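Engineer: Here it is, the structure in full.
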Amino acid sequence: MRLTGVDRGAGWSGLTVQTTLTNPSTRPGLRLPGRVILAAGPDDVPIQDLLLGLVTQVEPADPGKPKQLVQFHQVPIGGRFVVPAGRRRAVDFAIPLPWETPVTIFGGVPLLSLRMGLRTVVRVDPEREQGAMVPVFVHPLPTQQHILAALDTLGFVMRQAGFQQGRLPGVQQTLPMHQRLGYWVAPLYAGPITELEVIFVTNSAGLEVLLWCDRRQSLAGISHQSVSRFRVWHAGADQRDWVAVLDGWLRETINRHAAAAAHADWSARITESAHVSRRPDEPVRPGYGLGGTAGGGGIGGGGGGDGT
């Protein structure tokens, strides 16, 4: 399957740019082959730079701002040549895709509204000209495919998918953005969590999977979130029982999330207790209102506690 961008005249230079992909379907870490054809008008056109960039819509770090069209990867494929008047010049390419390139297709179906394109940029001094955008369809790596299929088998339903600007704390990234896949929780795991976000950070050796849990209590206006990280290798991925692997990850994540939520709730309750137990004009004394008598053992200490 070949996919060609629509010809577009490049402003004052009279240059027309046409980009064709040999196959627009690809995967992270592979090369994307194609050809750019430059056609000059009545005058010679000196080309300074010829670049290709991957472009998609990205949500900014500030949730209050609208999505932005962001070029997250750019590769030069030629420059410093002249397209003679009335002639054409073809430039073949095979650009490498970053391992962290977000996935836009799963099971042959687009992931909700995710779109990605390859943009051709031609610089003809003193202006910078842009050719047409050609769609690119990024399929998951086998490791990603197994995890997404296991989520589907376990009953998780995808509710949203997007690209977010910014880097994840403690995670080694090469791109200035990351992909988030949001799911409604499967009935088997409902209760401790109501939503799950899955984030892939990939390199040539393996895949780091971040499971982002959220438990929303809409009536109380409370939300508790936690993140667990897991690492898998591309090698041997086909030999693993991914439903069992993912079930183990989820149970570990949910147990950790539930414990953290319980601790947060307990901390909030004892803080509230300390606040209401002290008169406004009374000085704060260690241990007051925290399960013991004034001046007693404090948290976990003796004297007045009920042992729970």
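Counting from 3, one number per residue, gives the positions in the sequence shown under the working numbering. Even for Gly, the Cβ is constructed at its ideal location relative to N, Cα and C. The structure presented is a predicted model; accordingly, all values stated were derived computationally and were not measured.
Since I believe Asp240 is in contact with Pro142 (beta carbons under 8 Å), could you give me their beta-carbon distance rounded to a whole number of angstroms?
Structural biologist: Not a contact, Cβ separation roughly 14 Å.
Engineer: Could you name the residues of the same chain whose beta carbon sits closer than 8 Å to that of Ile256, not counting the 5 residues immediately before and after it, in chain order?
Structural biologist: Excluding positions up to five away in sequence, the list reads Tyr191, Pro194, Ile195, Cys215.
Engineer: At what residues does the beta strand (DSSP E) containing Thr315 begin and finish?
Structural biologist: Here the chain has residues from 3 to 310 only, and residue 315 is not among them.
Engineer: Out of curiosity, what's the CA-to-CA distance linking Phe228 and Asp51?
Structural biologist: Inspection of the sequence shows that residue 228 is occupied by Ser rather than by Phe. Taking the straight line from one Cα to the other gives about 46 Å.
Engineer: Inspect the CB distances between the stretch 65-75 and the stretch 83-93 and report whether three or more fall short of 8 Å.
Structural biologist: Because the criterion of three Cβ pairs below 8 Å is not met, the stretch 65-75 and the stretch 83-93 do not touch.
Engineer: Do you know how far the Cα of Gln181 is from the Cα of Ala63?
Structural biologist: Each residue's alpha carbon lies about 13 Å from the other.
Engineer: Measure from the C-beta of Phe165 to each C-beta in chain C and report whether the shortest distance is under 8 Å.
Structural biologist: Of the protein chains in the structure, only one exists, and it is not chain C.
Engineer: Does the separation of the CB atoms of Pro137 and Gly119 fall below 8 Å?
Structural biologist: Going by C-beta atoms, Pro137 is nearer than 8 Å to Gly119.
Engineer: Going by other Cβ atoms of all chains shown within 10 Å of its Cβ, with 16 needed for buried, is Thr28 buried or exposed?
Structural biologist: So Thr28 ends up on the buried side.
Engineer: On a Cα-Cα basis, can you pick out the residue from Arg242, Pro171, Leu34, Glu197 that is closest to Gly157?
Structural biologist: Closest by alpha carbon: Glu197.
Engineer: Might you give, ordered along the chain, the residues of its own chain that have their beta carbon closer than 6 Å to the beta carbon of Trp186, omitting 5 neighbours on each side?
Structural biologist: These residues qualify, in order along the chain: Val159, Arg161.
Engineer: Assuming Gln76 is part of the beta strand (DSSP E), what are its boundary residues?
Structural biologist: Run containing Gln76: 70-80, per the beta strand (DSSP E) assignment.
Engineer: So what does Glu210 bridge to, in DSSP terms?
Structural biologist: In DSSP, Glu210 forms a bridge with Val203, Arg233.
Engineer: Quick check on DSSP: helix, strand or coil for Arg52?
Structural biologist: Correcting the residue identity first, residue 52 is Leu in this sequence and not Arg. Strand, per DSSP.
Engineer: When you compare each of Pro189, Val19, Gln167 to Val47 by their alpha carbons, which one comes out closest?
Structural biologist: Of Pro189, Val19, Gln167, the residue nearest in Cα terms is Val19.
Engineer: Quick one: which unbroken beta strand (DSSP E) runs of 3-plus residues sit fully inside the stretch 77-163? Chain order, please.
Structural biologist: If we require 3 residues or more, the beta strand (DSSP E) runs fully inside the stretch 77-163 come out as 83-85, 90-98, 118-126, 129-137.
Engineer: Less than 8 Å between C-beta atoms, sequence neighbours within five positions excluded: which residues of the same chain meet that for Met135?
Structural biologist: Closer than 8 Å at the Cβ level, and outside the excluded window around Met135, lie Gly7, Val57, Gly119, Leu120, Arg121.
Engineer: Count the other C-beta atoms from every protein chain shown that fall within 10 angstroms of the C-beta of Thr155, then say buried if there are 16 or more, exposed otherwise.
Structural biologist: Label assigned to Thr155: exposed.
Engineer: Mind checking who Trp186 pairs with in its DSSP beta bridge?
Structural biologist: Partner(s): Val159, Glu197.
Engineer: Check the DSSP bridge columns for Val245 and list the partner residues they point to.
Structural biologist: Partner(s): none; Val245 has no beta bridge.
Engineer: So for Asp240, helix, strand or coil by DSSP?
Structural biologist: Three-state DSSP puts Asp240 in a helix.
Engineer: Go ahead and pull the three-state DSSP assignment for Thr18.
Structural biologist: Reduced to three states, the DSSP call for Thr18 is strand.
Engineer: Under the three-state reduction of DSSP, which class applies to Ser279: helix, strand or coil?
Structural biologist: Below a pLDDT of 50, predicted positions are generally treated as unreliable, and Ser279, at 36, falls in that range; the measurement from the model is reported next regardless. Of the three classes helix, strand and coil, the one that applies to Ser279 here is helix, per DSSP.
Engineer: Along the chain, where does the beta strand (DSSP E) containing Arg355 start, and where does it finish?
Structural biologist: Because the chain is modelled from 3 through 310, residue 355 falls outside the range shown and cannot be assessed.
Engineer: Assuming contact is defined by CB atoms lying nearer than 8 Å, are Leu53 and Gln76 in contact in what I supplied?
Structural biologist: For Leu53 and Gln76, yes; Cβs fall inside 8 Å.
Engineer: On the premise that Leu23 lies in contact with Ala42, defined as a C-beta separation below 8 Å, what is that separation, rounded to the nearest angstrom?
Structural biologist: 23 Å between Cβ atoms; not a contact.
Engineer: Where Glu61 and Asn205 are concerned, what is the direct C-alpha to C-alpha distance, given to the nearest angstrom?
Structural biologist: Using only the alpha carbons, I get a separation of about 23 Å.
Engineer: Under a three-way DSSP split, which group does Pro285 fall into?
Structural biologist: Low per-residue confidence applies at Pro285: pLDDT is 42, beneath 50, and the placement is therefore not dependable, though the value from the model is reported in the following sentence. Three-state DSSP puts Pro285 in coil, outside helix and strand.
Engineer: Rounded to whole angstroms, what's the CA-CA distance from Leu183 to Leu34? Just pull it up for me.
Structural biologist: Going by the C-alpha atoms only, they are around 24 Å apart.
Engineer: Could you tell me the alpha carbon to alpha carbon distance between Leu170 and Val140, rounded to whole angstroms?
Structural biologist: Whole-angstrom Cα-Cα distance: 22 Å.
Engineer: Have a look at Trp235 and Val211 and give me their C-alpha separation to the nearest angstrom.
Structural biologist: Their backbone Cα atoms lie some 11 Å apart in a straight line.
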